[in-house]
Each structure stands twice: as structure tokens, then as C-alpha cells.
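K.L.:
For the record, the sequence lines run as chains S and U.
When we follow the numbering used here, the leftmost residue of the first sequence carries the number 373, and every step to the right adds one.
When we follow the numbering used here, the leftmost residue of the second sequence carries the number 12, and every step to the right adds one.
Think of the CB as a built atom: it goes at the ideal place given N, C-alpha and C, for glycine as much as any other residue.
Structure in C-alpha cells, see below.
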Amino acid sequence: SAVISQKPSRDICQRGTSLTIQCQVDSQVTMMFWYRQQPGQSLTLIATANQGSEATYESGFVIDKFPISRPNLTFSTLTVSNMSPEDSSIYLCSVQDGTYEQYFGPGTRLTVT
Amino acid sequence: AQSVTQLGSHVSVSEGALVLLRCNYSSSVPPYLFWYVQYPNQGLQLLLKYTSAATLVKGINGFEAEFKKSETSFHLTKPSAHMSDAAEYFCAGNAGGTSYGKLTFGQGTILTVHP
Chain S
373 SAVISQKPSR DICQRGTSLT IQCQVDSQVT MMFWYRQQPG QSLTLIATAN
423 QGSEATYESG FVIDKFPISR PNLTFSTLTV SNMSPEDSSI YLCSVQDGTY
473 EQYFGPGTRL TVT
Chain U
12 AQSVTQLGSH VSVSEGALVL LRCNYSSSVP PYLFWYVQYP NQGLQLLLKY
62 TSAATLVKGI NGFEAEFKKS ETSFHLTKPS AHMSDAAEYF CAGNAGGTSY
112 GKLTFGQGTI LTVHP
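Right under this line is the structure:
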């Protein structure tokens, strides 16, 4: 199984600012994913990030709001831009191995004031 | 499009009692199904997965789930609840194909275990 770390673990940000979340994996993986978990809600997929290509966004999520980088096979970043209180959520990255098992990072708890 | 439905947002059981968490899916193709557990202020941990092999899947911590195609269900069970099982449980599905890797999650079920 993959071990995933995220930075920061939590942050409190002012509206209108941006926050970049880092995701580091202990092994090389092709597919990485970013999810959002709003307070009291389930997880929703934001985008798929594959190394060497543009991220693929799900309906309701756009690159201008959630730009993603994937510079290599072990690292990715998600930026939450021009934040509003509605962006207060837990953001999780995940990776999938060849057996369809998907492993999640510990999450970044974001509060926007 | 695939959807995953968990019946019951809260389930409460006594320690030692049977745990049954319900999950139904809708999909036009045989899905890959998963159960995850999330403890407070932690990430998700994979409990078990179904990937079209055996229909009865055994996972960690004594949990198991049975894939029933006729009922489009993948309910999670544990014969005897332990206090440490108190957490939120998510059922998730992946339709495969062009949706490879994209998990659709149910709404989650909070399990409470009381003495």
C-alpha cells in the first residue's frame, strides 16, 4: 500500500486568498486524485491528475478555481484560489494501484473566514 | 452514471451485537465496490474491496461484505461490534472503463457503539 502525506494538515485563511496543498506519495504512481469533503458531507471528486498531462476536472470544478500541478510521479499540488467560506472543507488526495485499491492521504482541513 | 446509496446516516449498536451497514449501487456495468472507514480527524482507510472475484469479501478488523448482483447491494457486516468500531463508514464504487479510478461515494454512515 502507498503512504501519502499532505501539507498543511490544516489552515485558516481569509476570503479572497489562495492556498496550495501538497500531496507526497512514497512510491511512483500514475494516477492521483483530489477530493473534497464538505462539512458533514461525503467525498466528491474534484479532478484526476496524471503526470505529463493536464488534470481532468469533474463537473462543477474548474481549473481557474482549483489549479493542479503534477510535476512527477510522486507529487501533486492543488490550489484553492480566491477562497470564500464555501470552500471550507477537507481536501484529500489519493492514489490508485493496479488492483483498483485507492489510498487516501490524511487530508487538509481548510477553514475560510 | 453510477450512484452509490447508503441506507441510514446513523446506526447505533451495542457492543457485541451484529453490525450491518447497507449499501446499494446502480450501474450499467459490473462495478468495483469498496468500503472505507474514517475515524475522527483522520483520512480514509480501506476496509475491503470487491473486484468481480469472490462475492463474499473479507476485510480488516473482522468486517466482511457480500456482493449481491440481483439486489445491487454490497452490505457491510461484522458479527460482533467493538467500541473501537465507532467511526464513519463510506461505501464507494468505481464503474471501471473510462471511469477508471474515479470513486463515487455514498453519503456515509456514522456507527455508534454503546456499552
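How is the beta strand (DSSP E) around residue 120 (chain U) delimited, first residue to last?
P.N.:
120-125
K.L.:
For residue 392 (chain S) and residue 470 (chain S), what's the separation of their Cα atoms in angstroms?
P.N.:
28 Å
K.L.:
Considering only residues of the same chain and omitting the five flanking positions on each side of residue 415 (chain S), which have a CB-CB separation below 8 Å?
P.N.:
407, 408, 409 and 464
K.L.:
Is it right to say residue 71 (chain U) is buried, meaning 16 or more other beta carbons lie within 10 angstroms of its own, or is it exposed?
P.N.:
exposed
K.L.:
Taking residue 43 (chain U) as the reference, give the member of U:80, U:29 and U:92 with the closest Cα.
P.N.:
U:80
K.L.:
Would residue 440 (chain S) pass as a contact of residue 449 (chain S) if the rule is Cβ separation under 8 Å?
P.N.:
yes
K.L.:
Does the Cβ of residue 50 (chain U) have 16 or more other Cβ atoms within 10 Å, making it buried, or fewer, making it exposed?
P.N.:
In this structure residue 50 (chain U) is exposed. Its beta-carbon is surrounded by fewer than 16 other beta-carbon atoms within 10 angstroms.
K.L.:
Going by Cα to Cα distance, which pick from U:106, U:21, U:15 and U:90 is closest to residue 69 (chain U)?
P.N.:
U:90
K.L.:
Just how far apart, CA to CA, sit residue 376 (chain S) and residue 405 (chain S)?
P.N.:
12 Å
K.L.:
Would you give the residue range spanned by the beta strand (DSSP E) that residue 409 (chain S) belongs to?
P.N.:
Note, residue 409 (chain S): beta strand (DSSP E), 403-409.
K.L.:
Taking 8 Å as the cut-off, decide whether the C-beta atoms of residue 420 (chain S) and residue 60 (chain U) are in contact.
P.N.:
no
K.L.:
Can you tell me which of the three DSSP states residue 443 (chain S) falls into?
P.N.:
strand
K.L.:
Excluding sequence positions up to five away, which residues of its chain have a Cβ less than 6 Å from the Cβ of residue 13 (chain U)?
P.N.:
38, 104, 106 and 115
K.L.:
Which residue from S:478, S:430, S:473 and S:485 puts its Cα closest to that of residue 322 (chain S)?
P.N.:
Because chain S here runs from 373 to 485, residue 322 (chain S) falls outside it and cannot be looked at.
K.L.:
Which bits of chain U does residue 411 (chain S) rub up against, with CB to CB less than 7 Å?
P.N.:
Residues of chain U whose Cβ lies closer than 7 Å to the Cβ of residue 411 (chain S) do not exist; the shortest such Cβ separation is about 12 Å.
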